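Quick note, the sequence shown lines up with residues 70 to 542 if you use the numbering used here.
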Amino acid sequence: NNNNNNNNGIHDFGSLGAAPLQLNASSNQGVWKGSSGPTQIDSYDGLSGIQGPQMGFQKQQHTAIRQQAVMVPKGGDAFGDLAGIGAPVGLGGPKPKIVVLPAPEEKTDFSAFALEVPFFIPSKCGNGLNGGGLQATPAMYNDLTSIVVDESPKDVLNKFETILSTFSNDIDYSIDRTNYVITGQVYVNHFAVFFKISIWDEQDENRTRFEFRRSKGDTVAFTEFWNEIEEELYKEFSNAQGAKNNDDDGYDDMDMGFDDDDEDNMGDLGGLGGLGSLGGLPPLDYDFNLDGMGMEMNDNNNGLSQEDLNNFIQDVEECDPSVAYSFAMILEAFKVQTQFIQMVFNHATFIKCIIQNALTHQDTALVRGALICIENLCDSKSGADSLIGYNVLDRVIPLLQHDCDLIRKYSVRVLSKLSSAQSWKFNQNGLKQLASLKLKECQNKWENAKFATNDFIQQQMFESINAKLIMTK
C-alpha cells in the first residue's frame, strides 16, 4: 500500500503543479523521481526555450510533457504516390532547340546635343475664358479685331488651318481643338508677333465669333498682320460681319471718322476752306534741314558699315532688346547692298557671333535671323565652304530638333545650301546620326504640307542633305 501510495504520488502531475519541488526533503514525498515511461523530446530549438526567472515571483520548476501520436498508413503508398515524378529532362526526352535571339538595338545618346528651353516673356493675355472647351462669347471683346461668321466653331478651326498655313512662310502656330484656341507667331518685316485666336459660340444668333489678339511682340507689325489677314478672312468665311463692313459706328478711314450726317454740324470749320474737310492738306515733308542746329548727320548713304556690325555684336553680348531692330536692318541689307555679303565675310567676329551666340540663343527671333543670315552667305561663291570652316554644322544640325517648327524649316533650308560645299566635317560624335534621324522626321512631317510658296520646303532639299550625309564619314 505504501508503495502504491508512493507511486500514486509520483504520477500525480496535478500535485506537482500545486506544490514546489523540494530538493532537500527528508522524505520521499514531493521529490521528483522521474516517470515510469521514457521522456520524448518533441523538438530541439537550441537555447531559445531557456527563460530567466520572472521578477516578483517565487522560483518554481514545472515539467510538462507533450505527447503526440502519428498515424502512419501501411503499404507502399505511405508517403504518397511517387509515380508522378518524371525522369530528368534530357534522359530520353526531346532535344532542346537552340533559338538565336536578335541583338538588342543600341540607342544612341543625343543628350550632348540637347537645346536649351526657348525663353518667352509670359503673355499678358493668358487662357482667359478659354480652357474649358467651347464657350459662349464673353461680355467684353475687341470689336476691331473680331468677326462673326455663319460657320460652326469646328468648321472655323478647319478653315483657319488652311488660311494660316498659306498666309506666310514665316508663321508657326498650334491648334487646340479642345478649347478652340489657336496660338502662334508670325514675322512681319523680320519683327516677331505672337498672336492668339479665340473662337466663341454666338448662342443668341447661332453663329461663331473669333477674335485676334496680340499676346506679345511688335505692335506695328501686328497691325500690319491683322490688316493683311483680315482681307483673307472676309473672302474665306460666309456672311462675315465685323468692323470692316459695320457702318453703324460711322467709322470710315477716308473721312477721318466723321459720318456723312456730321458735315452739317461742322460749324465754323466750314469757313476754313481746305482745313474744314481735312482733305486738301499736302503730305508732310520729313526731310528736315538741321543745319545750324548743332547736330551732325551721317553723310554715309551706302547702308550699313563695319561699325554697325560691331554695334550688333555688342547688343547680342549685352542682351540688349534693341538687337531685334538691328537684326531686321541687317537682314534687309542683304537685299539692298550688293557688297554687304563681302563685308560680312571680312568681319570674322560677326560671323562667330552669328554662329556661336545667335544660333544658340533662347530667343527664336534671333535664331531665325541667324539662319537667314547664314542662308544668304551661302549664296556667294565658296560661301558654304567658308562657313564649314567655322564649324557651322555643329550649331545648325541640333536645331533640327527645335520645339519651333519654323526654326526646323529654316534649318533644313540652311543645310540644303551648305550641301554645296566640297565636304562636311563633324566635330562631335553622334552628330551625323542625329542629322539622319531628325531629317527623316522633318521629311515625313512636311511631305504633303502646304506652304505660302512652293519653293520654301522642297523634297529636293532633303535629297541633297541625305546625299551629303552619305558621303561624310
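Just so it is clear, CB atoms sit at the ideal spot from N, CA and C, and this is done for glycine as well.
Note that this is a predicted model, so its numbers are computed, not measured.
Contacting residues, own chain, Cβ-Cβ under 6 Å from residue i (five flanking each side not counted)
i: L213; result: A312
i: K304; result: none
i: I268; result: P222, V225, Y249, F279
i: T177; result: G499, Q502
i: I423; result: A439, C442
i: L435; result: A427
i: I457; result: A490
i: G363; result: In this prediction, G363 has a pLDDT of 38, which is less than 50 and means its spatial position is unreliable; nothing more can be read from the coordinates.
i: Q310; result: V217
Beta-carbon proximity check, residue i vs residue j, cutoff 9 Å
i: C473; j: Q254; result: yes
i: G438; j: A453; result: no
i: T429; j: R464; result: yes
i: L475; j: F182; result: no
i: F264; j: R283; result: yes
i: I240; j: I251; result: no
i: N546; j: I410; result: In this structure the chain extends from 70 to 542, so residue 546 is not present and cannot be described.
i: S374; j: D384; result: no
i: S480; j: L468; result: yes
Expected contact under 8 Å - CB spacing of residue i and residue j to nearest Å
i: S307; j: V218; result: 7 Å
i: F531; j: Q512; result: 5 Å
i: N258; j: A290; result: 6 Å
i: F381; j: S395; result: 5 Å
i: E301; j: I232; result: 6 Å
i: K421; j: S488; result: Not really, about 22 Å apart at Cβ, beyond 8 Å.
i: F19; j: A397; result: This structure gives no information on residue 19, because the portion of the chain shown stretches from 70 to 542.
i: T277; j: E230; result: Not really, about 15 Å apart at Cβ, beyond 8 Å.
i: F419; j: L462; result: Going by Cβ atoms, the distance from F419 to L462 rounds to 19 Å, so no, they are not a contact pair.
The beta strand (DSSP E) enclosing residue i, as first and last residue numbers
i: D270; result: 260-271
i: F516; result: Looking at the sequence provided, one finds Glu at residue 516 rather than Phe. First-last for E516: undefined, no H or E at that position.
i: V255; result: 250-257
Per DSSP, the bridge partner or partners of residue i
i: Q310; result: V217
i: F294; result: Per DSSP, none; premise fails for F294.
i: G452; result: In DSSP, G452 forms no bridge with anything.
i: D384; result: In the DSSP output, where bridge partners are listed per residue, D384 has none listed.
i: E280; result: S215, S267
i: S243; result: T252
i: G286; result: V262
i: A205; result: D270
Cutoff 9 Å: residue i Cβ touching any chain D Cβ
i: H430; result: Of the protein chains in the structure, only one exists, and it is not chain D.
N- and C-terminal bounds of the alpha helix (DSSP H) containing residue i
i: Q529; result: 528-540
i: Y210; result: Premise fails: Y210 is in no alpha helix (DSSP H) and is neither H nor E.
i: I232; result: 222-234
i: Y549; result: Outside the displayed span of the chain (70 to 542) sits residue 549, for which this structure offers no information.
i: C442; result: 433-446
i: K164; result: It is not in any alpha helix (DSSP H) - K164 carries neither H nor E in the DSSP assignment.
i: S395; result: 392-405
i: V461; result: Premise fails: V461 is in no alpha helix (DSSP H) and is neither H nor E.
i: A417; result: 417-421
i: Q411; result: 409-414
Own chain residues within Cβ distance below 8 Å of residue i, not counting five before or after
i: L353; result: Per-residue confidence for L353 stands at a pLDDT of 46, beneath the threshold of 50, marking its modelled position as unreliable; the derived number appears in the next sentence. No residues qualify anywhere along the chain.
i: T235; result: K519, F520, A521
i: E293; result: V257, N258
i: P163; result: none
i: S243; result: I251, T252, G253
i: S505; result: N535, L538
Own chain residues within Cβ distance below 7 Å of residue i, not counting five before or after
i: S485; result: M530, S533, I534
i: F281; result: T214, F264, I266, W295
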